[in-house]
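This report concerns only the one structure given below.
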Amino acid sequence: MLHRFYLIIDSAEWLPRILPLGVKFIQLRIKDKSEDEIRTQVRQAKQLCNKAGAVLVVNDHWQAAYDANVGYVHLGQEDLKTADFHALRSAGIYYGVSTHDEAELDTALALDPEYVALGPIYKSTSKELTWQPQGLETLKRWRARTDKHLVAIGGITLERASDVYASGADSVAIISDVTAAQDPEQRITQWLETSKSW
Numbered sequence: 001m002l003h004r005f006y007l008i009i010d011s012a013e014w015l016p017r018i019l020p021l022g023v024k025f026i027q028l029r030i031k032d033k034s035e036d037e038i039r040t041q042v043r044q045a046k047q048l049c050n051k052a053g054a055v056l057v058v059n060d061h062w063q064a065a066y067d068a069n070v071g072y073v074h075l076g077q078e079d080l081k082t083a084d085f086h087a088l089r090s091a092g093i094y095y096g097v098s099t100h101d102e103a104e105l106d107t108a109l110a111l112d113p114e115y116v117a118l119g120p121i122y123k124s125t126s127k128e129l130t131w132q133p134q135g136l137e138t139l140k141r142w143r144a145r146t147d148k149h150l151v152a153i154g155g156i157t158l159e160r161a162s163d164v165y166a167s168g169a170d171s172v173a174i175i176s177d178v179t180a181a182q183d184p185e186q187r188i189t190q191w192l193e194t195s196k197s198w
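Below you can see the structure in the form of structure tokens.
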């Protein structure tokens, strides 16, 4: 089940810190690690999330997610050329797809994903992007085009979240507003408390 607050982390090492706080939907986005390290972290993350009753989403590495029987994968546009959607569907693995423009949205919707992600909504501070900020108006257009679960990502802070939800997002994906916070645990608690009113 998708949640309103969708936290993205870069290592399974975050999980013992954040799972006790009640985070229920977490993406593991590992970059620049060996295949063995990725598979090890995916297995560790799955065990920890299962124990805590949280949903794990594996970014990009669909084969590792498939082999570990993780429930969700998140795919970028470049991953769509190599992912085995028949295998994912047969295994009951849900997938979300990143989109940045109308053509990518068309491509994503044709694959019948569990959710579509749009970004960056604002200027991202967590990674360098070639895409300009999409803004809330684009988010509203995406909302009008699909009844799929819509995830907004990119530069979203707790202070901006109400506007993002009001523009049509079902979930907001958060990275640096938590991981770069002076006290990540406190920031997560603020998110979870505030999200009850949305």
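Residue numbers for the sequence shown, in the UniProt record's numbering: 1 to 198. C-beta atoms are modelled at their ideal positions from N, C-alpha and C, and glycine is treated no differently. This one's a predicted model, so the numbers in the text were calculated from it and none came from an experiment.
Determine the DSSP secondary structure at residue i, reduced to helix, strand or coil.
i, result
"residue 50", "helix"
"residue 18", "helix"
"residue 176", "helix"
"residue 165", "helix"
"residue 156", "coil"
"residue 56", "strand"
"residue 182", "coil"
"residue 192", "helix"
"residue 8", "strand"
"residue 38", "helix"
"residue 2", "coil"
"residue 140", "helix"
Would you mind stating whether residue i and residue j have Cβ atoms separated by less than 9 Å?
i, j, result
"residue 57", "residue 73", "yes"
"residue 64", "residue 39", "yes"
"residue 170", "residue 192", "no"
"residue 19", "residue 68", "no"
"residue 113", "residue 131", "no"
"residue 115", "residue 2", "yes"
"residue 15", "residue 48", "yes"
"residue 77", "residue 107", "yes"
"residue 179", "residue 10", "yes"
Residues in its own chain within less than 8 Å of residue i by CB, not counting five upstream and five downstream?
i, result
"residue 111", "80, 85, 95, 97"
"residue 90", "none"
"residue 139", "118, 121, 150, 152, 164, 167, 168, 169"
Give every residue of the same chain whose Cβ lies closer than 6 Å to the Cβ of residue i, excluding the five residues on either side of it in the sequence, and list them in chain order.
i, result
"residue 161", "172"
"residue 61", "38"
"residue 46", "56, 68, 70"
"residue 43", "68"
Per the DSSP calculation, residue i is bridged to which residue(s)?
i, result
"residue 149", "115"
"residue 28", "9, 58"
"residue 171", "151"
Using 8 Å as the cut-off, classify the Cβ of residue i as near or not near the heavy atoms of the ligand NAP, replying yes or no.
i, result
"residue 159", "In terms of ligand content, the structure shown is empty, and the ligand NAP therefore cannot be addressed."
So, for residue i: in the same chain, excluding its five sequence neighbours on each side, which residues have a beta-carbon less than 7 Å away from its beta-carbon?
i, result
"residue 186", "none"
"residue 66", "87, 88, 91, 93"
*Which whole runs of the beta strand (DSSP E) in the stretch 68-133 are 3 residues long or more, in chain order?*
Listed in chain order, the complete beta strand (DSSP E) runs (minimum 3 residues) inside the stretch 68-133 are 72-75, 94-99, 115-118.
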